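Inspection log for the structure reproduced underneath, given as structure tokens.
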Ligand SMILES: Cc1cc2nc3c(=O)[nH]c(=O)nc-3n(C[C@H](O)[C@H](O)[C@H](O)COP(=O)(O)O)c2cc1C
Ligand SMILES: Nc1ncnc2c1ncn2[C@@H]1O[C@H](COP(=O)(O)OP(=O)(O)O)[C@@H](O)[C@H]1O
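What follows is the structure, encoded as structure tokens:
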């Protein structure tokens with residue numbers, strides 16, 4: 001599936017699509033409804049247009065990390081829904097300055113040549129969020145493309161949203177995030193070298209910085225981990241935090257994989273957070289921490305034994 005990094009200079013075959021338009025960070029049931037509307041309008045064929053970086057990252061660069069998915073995972077999920085292409089619309093000063101009408105004319109009509117656009121009921125676009133879904137529909141009528149406005153999709157009585165997924169992760173409730181996502185949330189990154197204490201403690205850990213991925217609640221989790229996209233998920237226990245016991249440092253996800261003894265430095269590690277076990281603590285000495293880590297590993301095994309993806 002092609003991923004286009006611009007709306008300009010597209011090949012003719014990529015133009016004219018029925019598109020679903022939005023951020024699509026952490027694909028949830030609201031996003032899926034927008035995608036279904038695009039699919040229906042395109043008689044089974046559709047593409048997705050999103051923004052890269054997300055507008056929020058452009059407007060508030062100093063906010064804490066908030067991405068639920070890295071762009072590659074977002075695009076892979078969109079592909080799995082059957083999209084023919086993803087358009088990553090570059091969100092920069094030029095895009096931010098466009099009025100709603102200029103956005104529609106330059107990006108949607110001249111650039112993508114859309115036949116149809118599907119958005120959620122609360123979609124806003126154009127300078128200062130001036131345009132809304134009804135305005136998009138009237139511009140579509142004037143300029144010759146159809147618009148679907150998808151009604152609010154509820155999840156336990158409130159709007160299915162990326163915000164709800166973020167709040168669940170920050171509250172240490174990975175099961176709630178998984179229920180909204182329809183799959184376990186995955187923290188991923190490249191394994192880097194640490195302080196080399198883990199092996200001494202009997203718990204070698206694969207250390208992954210999350211960078212601009214959202215930081216879940218600090219603490220210890222039962223996890224499943226996968227190395228370089230292998231087919232098998234391996235059970236483990238992980239700590240996400242700043243390791244106050246051995247000296248504070250930038251937050252890292254440190255995963256001890258059960259029944260594994262290999263070198264994973266420099267490899268891509270994906271870690272599904274399955275259950276939150278306890279907060280990260282500052283221990284008086286490392287022996288006390290190691291004793292607790294043994295208990296953590298035993299508890300993680302118990303929780304993984306019975307873990308089931310929550311359904312709604
Ligand atoms: C299951 C588990 C639980 C942990 N809990 C804590 C904790 O409560 N407090 C803390 O300071 N560090 C905790 N850690 C992090 C260890 O301090 C860290 O893994 C150790 O310092 C090794 O670091 P290194 O990989 O950089 O060598 C935990 C690690 C694991 C694997
Ligand atoms: N069961 C395991 N789980 C995670 N990493 C393991 C495991 N066995 C071996 N390793 C390797 O050991 C490294 C971690 O060892 P550790 O002593 O914690 O050093 P560091 O602090 O440099 O990560 C991992 O990056 C990986 O290459």
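Numbering (the UniProt record's numbering), first residue to last: 1 to 312. Positions of the beta carbon are idealized from the N, C-alpha and C atoms, including for glycine. The structure displayed is predicted, hence computed values, not measured ones.
In the DSSP secondary-structure assignment, residue 116 is bridged to 18, 146. With 16 or more other CB atoms across the displayed protein chains lying within 10 angstroms of its CB, residue 145 is buried. Burial check for residue 272: the Cβ neighbour count within 10 Å reaches 16 or more, so the residue is buried. Any heavy atom of ligand 1 within less than 7 Å of a residue's beta carbon puts that residue on the list, which reads 194, 195, 196, 197, 198, 201, 203, 205, 207, 220, 237, 238, 239, 241, 243, 244, 245, 246, 254, 256, 280, 281, 282, 283, 289, 292, 293, 296, 297. Per DSSP, residue 294 has no beta-bridge partner at all. Note that the C-beta distance between residue 75 and residue 186 is not below 8 Å. For residue 266, the closest of 157, 308, 207 by C-alpha to C-alpha distance is 207. Beta-bridge partners assigned by DSSP to residue 157: none are found. When the Cα atoms are used, residue 264 and residue 223 turn out to be separated by approximately 17 Å. In its chain, beyond the 5 residues on either side, 180 have a beta carbon closer than 6 Å to the beta carbon of residue 155.
Secondary structure note for residue 239: its beta strand (DSSP E) is the uninterrupted segment 234 to 241. By the Cβ test, the stretch 115 to 129 is not in contact with the stretch 80 to 92, since fewer than three Cβ pairs between them sit closer than 8 Å. Around the beta carbon of residue 231, a 10 Å sphere encloses fewer than 16 other beta carbons of the protein chains shown; the residue is thus reported as exposed. Counting only runs of 3 or more residues that sit fully inside the stretch 3 to 60, the beta strand (DSSP E) segments are 18 to 21, 47 to 52, in chain order.
Within the model, the alpha-carbon separation for residue 221 versus residue 204 is close to 16 Å.
In the three-state DSSP reduction, residue 299 falls in the helix class (H, G or I).
Beta-bridge analysis with DSSP links residue 90 to 52. For residue 206, no alpha helix (DSSP H) segment is defined; the enclosing uninterrupted segment is the beta strand (DSSP E) at 206 to 208. Counting along the chain, residue 256 sits inside the beta strand (DSSP E) bounded by residues 252 to 257. Residue 191 has its CB nearer than 7 Å to a heavy atom of ligand 2.
Only residues of its own chain outside the window of five on either side were considered, and among them 219, 220, 221, 222, 237, 296, 299, 300, 303 have a CB closer than 8 Å to the CB of residue 277, listed in chain order. One alpha carbon belongs to residue 259, the other to residue 57, and they sit about 40 Å apart.
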